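Number of protein chains: 2
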Amino acid sequence: MLLLRLHRVRVLGLQQASRLRSTLRFCIRACSTDDSFQPQYPSFTYNDSSASRGWGVMGTLLGLGAVLAYHECRCRADQESPRMYTREEVSSHCSPKTGIWVTFGHEVFDVTEFVDLHPGGPAKLMLAAGGPLEPFWALYAVHNQPHVREILAQYKIGELNPNDKAPPTLETSDPYAGDPPRHPALKVNSQRPFNAEPPTELLTENYITPNPLFFTRNHLPVPNLDPDTYRLHVVGPPGGQPLSLSLDDLRQFPKHEVTVTVQCAGNRRSEMTKVKEVKGLEWRAGAISTARWAGARLCDVLAQAGHHLSETEAHVCFEGLDSDLTGTAYGASIPLARALDPEAEVLLAYEMNGQPLPRDHGFPVRVVVPGVVGARHVKWLGKVSVEPEESYSHWQRRDYKGFSPSVDWDTVDFDLAPSIQELPIQSAITEPRDGETIESGEVTVKGYAWSGGGRAVVRVDVSLDGGLTWQVAELDGEEQRPRKAWAWRLWRLQAPVPAGQKELNIICKAVDDSYNVQPDTVAPIWNLRGVLNNAWHRVHVYVTP
Amino acid sequence: MLLLRLHRVRVLGLQQASRLRSTLRFCIRACSTDDSFQPQYPSFTYNDSSASRGWGVMGTLLGLGAVLAYHECRCRADQESPRMYTREEVSSHCSPKTGIWVTFGHEVFDVTEFVDLHPGGPAKLMLAAGGPLEPFWALYAVHNQPHVREILAQYKIGELNPNDKAPPTLETSDPYAGDPPRHPALKVNSQRPFNAEPPTELLTENYITPNPLFFTRNHLPVPNLDPDTYRLHVVGPPGGQPLSLSLDDLRQFPKHEVTVTVQCAGNRRSEMTKVKEVKGLEWRAGAISTARWAGARLCDVLAQAGHHLSETEAHVCFEGLDSDLTGTAYGASIPLARALDPEAEVLLAYEMNGQPLPRDHGFPVRVVVPGVVGARHVKWLGKVSVEPEESYSHWQRRDYKGFSPSVDWDTVDFDLAPSIQELPIQSAITEPRDGETIESGEVTVKGYAWSGGGRAVVRVDVSLDGGLTWQVAELDGEEQRPRKAWAWRLWRLQAPVPAGQKELNIICKAVDDSYNVQPDTVAPIWNLRGVLNNAWHRVHVYVTP
């Protein structure tokens, strides 16, 4: 198969070099980085044999691809004394109309003519248009090779003016002034508090979402916590002793690792807004990401505090160390039965993809509740207690609940609906993008599918004709464990574009192992908070004649 | 509220007496019977305080209702020597056109004029048209009162000819000749093997389905087993001892009782057939019923045989004592993890609603797997074993699986789909019936809702306008336990009929506590076996001007 593809590449002319994309893309793999966006080599430490295989073929393919794709490019590196540009000038060159400039270190490059030749696809390079390449090369370590630098050098047009300072940081009176830097590729839905999602075209490039691209849903400013003085307060049962656990104490519990997809209840809210206005951030299909989490199991910590399963219904309440101006912290709860079930694998996580948690994701400790809505994965965890009732937090009782489409803000009674815990079956298309123009011949449709409660994805159906006929997609990514399918499946369908079609209405819908399916349309599941949109995902594309 | 209703009743004339139905219906409660259809008084032994309250007000209301509704009926009992009829003559009088006759004991009654006055509604009385009343009075013990007999006596027209024998039984060469007698109200989808469902108008009259009305899904002839010689064979682990358990042995295990709704995967298949032909019996919305089951927990029996949870995935295989001409028994399996989980409450049941299991429902022992498709609730249980693979039975591997609508009998690969275990969220309308004509003013919509896997029903939305707007129905029936919501919720909506409407397109859709919802339409979930139809349920009715 690989040989066949290489053979096909040999007979392609330069004009067709962009087709290399589909061959090369699978060797572009993410590496995890910390918040500093420095280029890094892959640092995954967990067992992923397919990853090392991918890295192996990558060198060969990239070498070949580079020769074929770029051998006719003229050397355009400036031989004279370099021209100087400000960051502002660079940032204004971010479209085909203005020209597309990028920086690497102090050097400035005009890559307008290279965009269509980019082996990862033009859309990916465009994410960096007008700014530095480093944050992206940090994610896609394939770039960290001498011949990639050589190619880039051909497009050099000058350097950054050394007198041009980086943009000033936020004012210190701003409660969000202490928030960490973020990756420029993130699509920001709200700066304060920070809420952002990865662009769809990057979302399913990797089974494991790189930390800097993991969607971020903050409700409050990010606290700046000292790992040395950090303590987790665990309230004991009546008459028992409370625990005060340092990060080192937590590390003394058996370390448990699990790959978990986290999804915000508001994922795909923007489609609900099109039906009728809702209250909430305009998430597209990117409020979902997957990481390998490691930490202490909550059941082990609760057991040490002396908690055991009660006859009556009880809840484990979590409080974050983030708080508003009145000192009210973020809070949420989950049923005690889930917290104490070792098979439910609820974690007090201190690692994300082999790194300490990034600040945006709860440093130093957050809750991870596999199969459950993101709102219960409390970040910057400060306190754990067992209560007869659910958390009295606003986010447990007055938010993150589903209602009938007939309920509005005048009639809503939040006490009538259960708090969202397990999420329903979900899927979305990440490629092609809505409104994109695709070539006739063959189309590749890609996306993700996931279900809550540990239910495995058993099938994804894709339609190219608005739902009249369906084809079964191929499931990629890791196999799912029965009853513990905490992580998504990526999927793809390669299919002929029906002859003569000028447009395609592409739809995906998934099925989980309880044979739950997604509803056809958004309007009948519309709700005033715009949560729980799991209707069929639809993408409309044009076909070049 | 009750006083208000009584007051309203007082001002009604005889012409409006049929409205009494809505007032009286709620006091008509089921009693469980064995297969013999002898009238019985209620024999529920479990705690149901609302039932005794219902029985309390029933006497008062029925007395009043009888006086109001029947005081003008002329006494028509034949004073002369009785006229004689054959059963065949009686059975030919089963419609308003021919007249509506029924029998009670050896007496024959022409109830044509009474049908519209029947406090339980005309449709219920029509179920008995042309035949004996006893099987229905056995279900609705409210009839076993002297004044009801007095009312009936007014309609007597003669007696059954004592020389007219009951219809002959089936031939003994027929493998189904030994099947038990069945309740005449059941809608039969197949006689051999016997497959039948209760009529929708009876289905949600009771939270607990009376045994004779419980839907019956047999794959083979019903075995005739002697409870004294019956043995359940439990295969031990390698090197361990097998168990051979008599019915008395099983009764030595702690007796566990649980209310469980059982649903056939083919429930509502007839709606799928309308999209495109499928292979399977034409079940309407009645292949679902609820009973109070009692027996030994499977986990206790497996523990006694020496089985415990294995590191690798394993399955508990069940074999029935029903078999085809080649000796092949019905079989199915469930994952060992579910079988061994005490919280999953899997039973080896020997009681159904306080009675020994009826023969059609697995006498003397069947499996009950709460939250799981009926096909795994193996009846006439003969053998239990723990295997590394799922049951090799046809019904586990080549049936009861879901596929994409694109898969047909030429392309199907049964190995590609998981066997159905937990079922998805389901709901259906049982009143009014499709095609019925309702009065303008107010409409009452009733139905059931249930989800697999112990997921509770949190909401039922009802639309009267084909899905444009929705109203939230009131949930009746018992409260559901978190994570162990094994039994359905009944629901109802009373709403004004929109003025000027000549027809209504009524729809229901339910939501479970994982916020799973039902899909809008049938076609996109169509599959070649016609299983798993949980699309919105739709009923079209006409409104009298």
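Chains as they are written, first to last, in this note's numbering: chain A, -7 to 537; chain B, -7 to 537. From the three backbone atoms N, C-alpha and C, an ideal C-beta is built for every residue, glycine too. Fair warning: this is a prediction, and the values are worked out from it, not measured in the lab.
For residue 243(B), the uninterrupted alpha helix (DSSP H) segment begins and ends at 239 to 244. One alpha carbon belongs to residue 237(B), the other to residue 382(B), and they sit about 24 angstroms apart. Nearest C-alpha to residue 461(B) among 177(A), 362(A), 399(A) and 113(A): 399(A). Beta-bridge pairing by DSSP links residue 78(A) to no other residue. With a 10 Å radius around the Cβ and a threshold of 16 neighbouring Cβ atoms, residue 518(B) comes out buried. Per DSSP, residue 115(B) is one residue of the alpha helix (DSSP H) stretching across 114 to 118.
Contacts with chain A at 8 angstroms (Cβ-Cβ) include residue 507(B).
About 11 angstroms separates the beta carbons of residue 258(B) and residue 278(B), which is beyond the 8 angstroms limit, so they are not a contact pair. Between the beta-carbon of residue 345(A) and that of residue 283(A) there is about 5 angstroms, and that keeps the pair under the 8 angstroms contact cut. 453, 459, 461, 462, 463 and 464: these are the residues of the region 453 to 473 of chain B whose beta carbon lies less than 8 angstroms from some beta carbon of chain A, given in chain order.
Under the 8 angstroms criterion on CB atoms, residue 403(A) is classed as non-interfacial with respect to chain B. Annotated three-state conformation of residue 412(B) is coil, per DSSP. In chain order, 270, 271, 395, 399, 400, 401 and 404 place their CB closer than 7 angstroms to the CB of residue 520(B), counting only its own chain and leaving out the 5 sequence neighbours on each side. When 7 angstroms is used as the limit between beta carbons, residue 524(B) is near these residues of chain A: 507, in chain order. When DSSP assignments are scanned along the region 215 to 268 of chain B, the uninterrupted stretches of beta strand (DSSP E) that are 3 or more residues long and fall wholly within it turn out to be 224 to 226, 235 to 237 and 247 to 255. Among the CB atoms of chain A, none fall inside 8 angstroms of the CB of residue 270(B). Beta-bridge partners of residue 482(A) (DSSP): 440(A). Between residue 260(A) and residue 420(A) a beta carbon distance of about 7 angstroms is seen, short of the 8 angstroms cut, so the two are scored as contacting. When secondary structure is reduced to three states using DSSP, residue 293(A) falls in the helix class. Distances from the alpha-carbon of residue 325(A) to those of 332(A), 293(A) and 384(A) put 384(A) closest. Shown here, residue 373(A) sits in a strand according to DSSP, grouped into three states. Where residue 328(A) is concerned, the enclosing alpha helix (DSSP H) starts and stops at 328 to 332.
Residues of chain A with a Cβ closer than 8 angstroms to the Cβ of residue 305(B) are, in chain order, 474. Between the beta-carbon of residue 516(A) and that of residue 397(A) there is about 6 angstroms, and that keeps the pair under the 8 angstroms contact cut. Among the residues of chain B, none has a CB under 8 angstroms from the CB of residue 184(A); the nearest is roughly 30 angstroms distant.
Cβ contact annotation for residue 295(A) (same chain, cutoff 7 angstroms, sequence separation greater than five): none.
For residue 307(B), DSSP records a beta bridge to 327(B) and 379(B).
Ranked by Cα distance from residue 239(A), the options 293(A), 526(A), 155(A) and 387(A) are led by 293(A).
For residue 415(A), the nearest beta carbon of chain B is closer than 8 angstroms to its own beta carbon. With contacts defined by Cβ atoms closer than 8 angstroms, residue 119(A) and residue 94(A) do not form a contacting pair. The contact set of residue 436(B) on chain A, defined by CB atoms closer than 9 angstroms, is empty, because the minimum CB distance reaches about 19 angstroms.
In the displayed model, residue 133(A) falls within a helix according to three-state DSSP.
Residue 524(B) and residue 507(A) have their alpha carbons spaced roughly 8 angstroms apart.
Bounds of any alpha helix (DSSP H) do not take in residue 532(A); it lies within the beta strand (DSSP E) bounded by 529 to 535. For residue 512(A), the nearest beta carbon of chain B is closer than 8 angstroms to its own beta carbon.
A straight line joining the alpha-carbon of residue 203(A) with that of residue 285(A) spans about 11 angstroms.
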